[in-house]
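To keep things clear, I will list the structure first and then write my remarks on it.
Chains as they are written, first to last, in this note's numbering: chain A, 23 to 276; chain B, 23 to 276.
Here it is in structure tokens:
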């Protein structure tokens, strides 16, 4: 290879998803690319890692400056295998996505796309996750191109603070309607689950999970507000979950 | 039932694990208990949720003030099903564990035990995860009893701040050596993975994940330090991952 940066690309929708194919097209001009992505959809896997089963890699494509592998593991597994087995070193940058569906607000907690990004940040690699606010397999990723390239340029030229990665959520609207990039905090919200209760042919009940997102508060400084109002939401994300504001309060009780 | 609090107990090691059997024994005097736990070990599942397969519940035990179910899903699935299907309401408290192995430091990110706890906190339920610093199936949970009961008493009598749950890590030493409860922040550390590369009988390579924990820094205010020094570490945990300290710094660039 040459002196271009080494860039890892992954996702959680699987290596064949239109979202990662778009991300590969947009990022490829920036460096030498290694793709290691799940061999099937892994949405909702969060930060799961595979310790009870062996992992396998399959080489899909290899050409100068480009290698692509599928893996039978989770997004976090893909990143760990990429660093240790495929690349034999940490890459210079990691980009994950483009996810089919939003990872704004509390969705980050369930997201395999963002778990891969956190895994990169944990290893000291400047890492960014991209998600489009449209779950469809036929979503139009075209309007995302300009913003993915702009954000990649900024991160590749300036890096990111240590221990911080970016959660980027793109509105699913025509390019002309996108109002620009907005730095945000994570919105407060939850999924209000419900379950479809059904009965199998043997008379046993089973349940399909479904749910609706419920926003808590309306802050215009949040990623959820930004995406709903046609901004590209950028949230700096860390992996220290300590609730520092309650440490002193609780110290009196414990 | 009566006016005792309604308490959900779950874990990620599976409903048969000695850790959850100990937790059930310690917590049962505090209220009416519902156990909904995975039907098999789910360590490392993190916050995964099951959307591609149907979920099933199996009633294992039912007596006055006590019901126990196993579920084919993840810890987060167990909590969602418990709220919506089993209890038909949110419980008053949620306790998860006792995990076989530490969830101090970065382990929280991979932990199904703590995902269940976050799921409780997201629904507004005061929730606590307990983990013992010993991965063995034959670990001695006895010395944990006093501290589990003390912490449960404090949480049941005084609640927890909204949006905050507790990550409790217990040292695996005799009761006489435990130096007390210490309120802490999450330690900074990573898993340095390695992979055992092997070849199957058909000549294809496969990989087993393994790794060692690497501490970054030595803070005596961290959960990792506390557990290693025979304290019961209590960390208040939130689910807002925004890196607030870098928001202004990044605002100049995005």
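Quick reminder that beta carbons are idealized off the backbone N, C-alpha and C, glycines included. Everything numeric in this text was worked out from a predicted model, so none of it was measured.
| query | result |
| --- | --- |
| Residues of the region 59–78 of chain B with Cβ closer than 8 Å to any Cβ of chain A, in chain order | 63, 65, 66, 67, 68, 69, 70, 71, 72, 73, 74, 76, 77, 78 |
| Residue-level contact to chain A via CB, residue 35 of chain B, 9 Å cutoff | no |
| Collapsed DSSP secondary structure at residue 201 of chain A in the structure displayed | coil |
| Collapsed DSSP secondary structure at residue 80 of chain B in the structure displayed | strand |
| Inter-residue spacing [alpha-carbon to alpha-carbon] between residue 31 of chain B and residue 107 of chain A | 39 Å |
| Whole-number beta carbon distance between residue 58 of chain A and residue 88 of chain A, since they are thought to touch under 8 Å | Actually they are not in contact, since the Cβ atoms of residue 88 of chain A and residue 58 of chain A sit about 12 Å apart, beyond 8 Å. |
| Cβ-based burial, residue 260 of chain B [other Cβ within 10 Å; buried from 16] | buried |
| Nearest candidate by alpha-carbon position, reference residue 133 of chain B, set A:160, A:230, A:71 | A:71 |
| For residue 77 of chain B and residue 229 of chain A, believed in contact at Cβ under 8 Å, the rounded distance | 5 Å |
| Pairwise C-alpha distance: residue 36 of chain B and residue 159 of chain B | 12 Å |
| For residue 150 of chain B and residue 267 of chain A, the rounded distance between their alpha carbons | 18 Å |
| Given residue 115 of chain A as reference, the closest of A:104, A:137, A:131, A:142 once Cα atoms are compared | A:142 |
| Beta-carbon proximity list for residue 26 of chain B, same chain, < 6 Å, skipping 5 on both sides | 53, 54 |
| Three-state class that DSSP yields for residue 117 of chain B in the structure shown | strand |
| Runs of alpha helix (DSSP H) lying entirely within the region 102–153 of chain B, each at least 4 residues, in chain order | 129–132, 134–144 |
| Residue 272 of chain A at chain B interface by Cβ criterion, 9 Å | yes |
| Three-pair Cβ contact test at 8 Å for the region 247–260 of chain B versus the region 111–130 of chain B | yes |
| is_contact[residue 121 of chain B, chain A] using C-beta, thresh 9 Å | no |
| Contact residues within the region 121–139 of chain B, judged by C-beta distance below 8 Å to chain A | 128, 130, 131, 132, 137 |
| Below-9 Å beta-carbon distance, residue 226 of chain B vs any chain A residue | yes |
| Length-filtered (4 minimum) alpha helix (DSSP H) runs lying within the region 213–245 of chain A | none |
| Residue 359 of chain A, DSSP secondary structure in three states | Residue 359 of chain A lies beyond the range of chain A shown here (23 to 276); nothing can be said about it. |
| Enclosing alpha helix (DSSP H) for residue 272 of chain B [first to last residue] | 266–273 |
| For residue 262 of chain B and residue 209 of chain B, believed in contact at Cβ under 8 Å, the rounded distance | Not a contact, Cβ separation roughly 19 Å. |
| Cα-Cα separation between residue 34 of chain B and residue 219 of chain B, rounded to whole angstroms | 28 Å |
| Assigned exposure category for residue 215 of chain B - 16 Cβ within 10 Å defines buried | buried |
| Closer than 9 Å to chain A by CB, residue 23 of chain B | Because the pLDDT at residue 23 of chain B is just 46, under 50, the model does not fix this residue reliably, and the point stays unresolved. |
| Interface flag, residue 250 of chain A vs chain B, CB-CB below 9 Å | no |
| Contacts of residue 186 of chain A in chain B (Cβ-Cβ under 7 Å) | 265, 268 |
| Partner residues on chain A for residue 183 of chain B, Cβ-Cβ distance less than 9 Å | 265, 267, 268, 271, 272 |
| Residue 93 of chain A vs residue 138 of chain A beta-carbon contact at 9 Å | no |
| Contacts of residue 231 of chain A in chain B (Cβ-Cβ under 8 Å) | 71, 72, 73, 77, 99, 102 |
| Reduced DSSP category for residue 73 of chain B - H, G, I as helix; E, B as strand; rest coil | coil |
| Residues near residue 238 of chain B by beta carbon distance below 6 Å, same chain, minus five either side | 210, 211 |
| Cβ-Cβ separation, residue 28 of chain A to residue 109 of chain A (assumed contact under 8 Å), whole Å | 7 Å |
| In DSSP terms, what residue 85 of chain A is bridged to | A:88 |
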